[in-house]
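This report concerns only the one structure given below.
Numbering (our numbering), first residue to last: 213 to 809.
Written out as structure tokens, the structure reads:
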């Protein structure tokens with residue numbers, strides 16, 4: 213056998229990958245008598261490009277799948293991509309801006325057409341890159357979260373949950389991004405420790421005296437509807453039942469007692485703004501307080517803000533602090549480090565806001581998902597992540613699933629313009645199910661991207677139809693993922709899988725480490741320390757990169773990666789090549805009979 217003297221990874225890898233594809237070695241057979249082994253790929257965003265996290269994640273999956281194939285299993289590694297609602301819409305909007313257009317100018321229908329055109333043109337880039345990485349997926353079964361089959365599954369799940377009372381529409385404090393102009397779930401908010409100030413404000417009391425409250429957001433005081441104190445706080449017990457006078461607006465607000473108030477924070481007296489703080493909202497519900505919205509969806513002060521109407525929320529903060537300083541309302545201010553929520557997409561400071569949205573009641577879904585892990589039906593590896601999973605699931609809040617964007621699964625709810633009732637349906641209804649009117653208007657909002665992703669392990673196998681794929685490959689064998697989407701995705705798949713399939717979506721969840729630079733720093737473009745996997749593949753070959761990641765992926769430890777380590781792996785591949793070449797040269801003429809030469 214003639215082997216070239218010089219090892220050229222590109223030629224060798226392309227040749228054999230194409231050979232495997234042509235022979236159908238990656239394809240799973242539903243009629244095979246072999247024992248099944250299945251993995252569903254964590255679907256990368258359709259907007260994405262391969263980064264080192266993808267490279268590690270898919271290398272580990274490929275190792276498991278190839279190992280099981282060699283053991284004689286009927287292996288399915290199901291690939292696909294996610295429609296990535298806000299991310300994809302933002303990309304297409306930037307493309308439109310180059311043409312001097314906006315999505316509003318195009319209109320919803322035409323804009324959606326443009327997104328699909330963009331998806332057809334550029335959406336396959338990351339799939340091509342995964343193939344370049346050597347991923348042995350069953351490419352004949354590639355799925356997309358907005359395929360017709362998956363869209364049908366999304367509608368079916370929504371309707372069933374609504375009929376069971378687990379999806380509802382109502383007023384609730386949500387996280388609002390003024391830049392992306394949409395609601396965000398709690399998990400889509402990134403909290404950062406920031407240096408700010410604690411402002412101490414004097415509120416005069418009706419009949420004389422004052423009460424001092426402390427706040428990090430003085431602009432929200434314009435929406436205050438109460439001052440709360442702890443019932444066990446002797447300093448304030450005589451003030452409960454009296455009224456404070458809101459500075460600027462002169463509105464009378466009650467002093468109330470509530471166990472939530474921490475006597476040790478600030479002065480122990482808490483201003484209550486039900487329309488702009490989740491905890492204040494809960495207190496407001498308990499005490500039947502009105503909610504006054506003083507910040508709008510653009511992040512500007514509303515008419516309820518009186519003289520500050522129209523100001524940006526942060527401009528208002530500066531102006532109100534200066535005014536209060538001059539008027540003697542500001543008692544003092546002091547430096548204060550606190551956690552501030554930012555939009556995970558654009559980095560804008562999130563505004564808690566009272567809004568009408570769609571929600572999933574998560575507690576009834578979370579309880580079986582907690583039991584499944586406690587009983588060992590799903591193992592989380594390393595096991596220390598189970599504690600984190602339990603803590604989050606046990607304190608879970610209802611999931612806000614509506615998004616004020618155009619790209620995504622449109623909520624299958626229709627409003628009757630005559631009687632005002634809502635019809636939720638799998639198909640577009642011809643008439644109102646309550647009064648028979650044909651004047652129906654579909655909900656404008658789309659579902660959170662993670663709603664369709666939560667169904668991935670069973671929707672990709674044909675659910676709600678009873679398919680052979682579901683029968684054979686569900687539950688899947690293992691999920692390989694990073695810890696950053698343990699709650700975004702893994703927990704929600706557990707809830708949905710158990711509810712709709714009656715079984716866990718995977719037997720094992722393997723949580724791998726992060727890929728960092730040699731100094732242990734997170735890779736980012738701003739730091740200039742990103743190592744591009746595609747560049748490394750071009751320079752040293754796919755096997756060199758995969759070998760490096762596999763060797764360094766010790767359980768529970770982050771990977772400290774450098775180009776030199778990948779180069780060393782390429783040198784190791786060269787040695788293997790030369791050893792094979794030397795062996796074959798010395799086997800020239802050997803037929804397998806007798807002793808080796």
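Glycine included, every Cβ here is placed at the ideal spot set by N, Cα and C.
Is any non-hydrogen atom of the ligand MG found closer than 7 Å to the C-beta of residue i, if you look at the structure I gave you?
i           : result
residue 467 : In the structure on display, the ligand MG does not appear, and there are no ligands present to speak of.
Inspect the beta-carbon positions of residue i and residue j and report whether they are closer than 8 Å.
i           : j           : result
residue 414 : residue 538 : no
residue 703 : residue 655 : no
residue 431 : residue 555 : no
residue 778 : residue 752 : yes
residue 621 : residue 366 : yes
residue 658 : residue 623 : yes
residue 251 : residue 568 : no
residue 552 : residue 483 : no
residue 761 : residue 268 : yes
residue 496 : residue 427 : no
residue 517 : residue 458 : no
residue 754 : residue 221 : yes
residue 215 : residue 792 : yes
residue 548 : residue 714 : no
residue 345 : residue 290 : no
residue 572 : residue 610 : yes
residue 728 : residue 737 : no
residue 741 : residue 564 : no
residue 334 : residue 786 : no
Quick one: Cα of residue i to Cα of residue j, how far?
i           : j           : result
residue 332 : residue 511 : 35 Å
residue 788 : residue 746 : 23 Å
residue 360 : residue 674 : 11 Å
residue 506 : residue 604 : 31 Å
residue 226 : residue 278 : 18 Å
residue 561 : residue 405 : 12 Å
residue 223 : residue 241 : 30 Å
residue 775 : residue 508 : 49 Å
residue 461 : residue 441 : 22 Å
residue 204 : residue 780 : Missing from the structure shown is residue 204; the chain here goes from 213 to 809 and no further.
residue 400 : residue 491 : 19 Å
residue 663 : residue 701 : 9 Å
residue 348 : residue 784 : 23 Å
residue 362 : residue 356 : 8 Å
residue 264 : residue 337 : 16 Å
residue 584 : residue 424 : 49 Å
residue 237 : residue 681 : 18 Å
residue 524 : residue 756 : 53 Å
residue 330 : residue 322 : 12 Å
residue 643 : residue 634 : 11 Å
residue 668 : residue 718 : 11 Å
residue 194 : residue 473 : Nothing can be reported for residue 194: it is not among the residues displayed for the chain, which extend from 213 to 809.
residue 487 : residue 390 : 16 Å
residue 541 : residue 402 : 33 Å
Take residue i and list the residues in its own chain whose beta-carbon comes closer than 7 Å to its own, dropping the five residues that flank it on each side.
i           : result
residue 181 : With the chain represented from 213 up to 809, any question about residue 181 goes unanswered, as that position is not in the structure.
residue 266 : 256
residue 602 : 582
residue 660 : 397, 613, 615
residue 292 : 253, 255, 354, 355, 356, 672
residue 597 : 695, 698, 723
residue 275 : 762
residue 765 : 268, 272, 724, 725, 771
Suppose the cutoff is 6 Å on Cβ atoms and the five residues either side in sequence are ignored; what does the same chain contact list for residue i look like?
i           : result
residue 259 : 296, 299, 300, 303
residue 445 : 475, 480
residue 619 : 297, 300, 301, 327
residue 358 : 295
residue 485 : 432, 435, 436, 492
residue 381 : 570
Using C-beta distances below 8 Å, list every residue in its chain close to residue i, excluding the 5 sequence neighbours before and after it, in chain order.
i           : result
residue 514 : 505, 506, 507, 508, 521
residue 233 : 351
residue 606 : 578, 582
residue 284 : 246, 247
residue 811 : Outside the modelled stretch of the chain, which goes from 213 to 809, sits residue 811, for which no answer is possible.
Ranges of the beta strand (DSSP E) found wholly within the segment 579-622, counting only runs of at least 3: Counting only runs that start and end inside the segment 579-622, the beta strand (DSSP E) elements of at least 3 residues fall at 591-593.
Segments assigned beta strand (DSSP E), at least 3 residues, entirely inside the segment 677-732: Whole beta strand (DSSP E) segments, 3+ residues: 688-694, 718-724.
Is there contact here, the segment 445-456 with the segment 401-414, by at least three beta-carbon pairs under 8 Å? In this structure the segment 445-456 does not touch the segment 401-414; the number of beta carbon pairs closer than 8 Å is below three.
Determine, using beta-carbon pairs with one atom in the segment 675-690 and one in the segment 711-723, whether at least three such pairs fall under 8 Å. With a cut-off of 8 Å, the segment 711-723 and the segment 675-690 count as touching, because enough Cβ pairs lie within range.
Which residue spans inside the segment 278-357 form an unbroken alpha helix (DSSP H) run of at least 4? Complete alpha helix (DSSP H) runs here, min 4: 297-310, 315-318, 320-334, 337-344.
Taking contact to mean at least 3 C-beta pairs separated by less than 8 Å, is the segment 573-582 in contact with the segment 371-386? Result yes; three or more Cβ-Cβ pairs closer than 8 Å.
In chain order, which alpha helix (DSSP H) runs of at least 4 residues are fully inside the segment 726-803? The qualifying runs are 745-752, 754-764, 775-798.
What are the start and end residues of each continuous alpha helix (DSSP H) run of 4 or more residues lying completely inside the segment 434-508, in chain order? Within the segment 434-508, the complete alpha helix (DSSP H) runs of at least 4 residues are 490-499.
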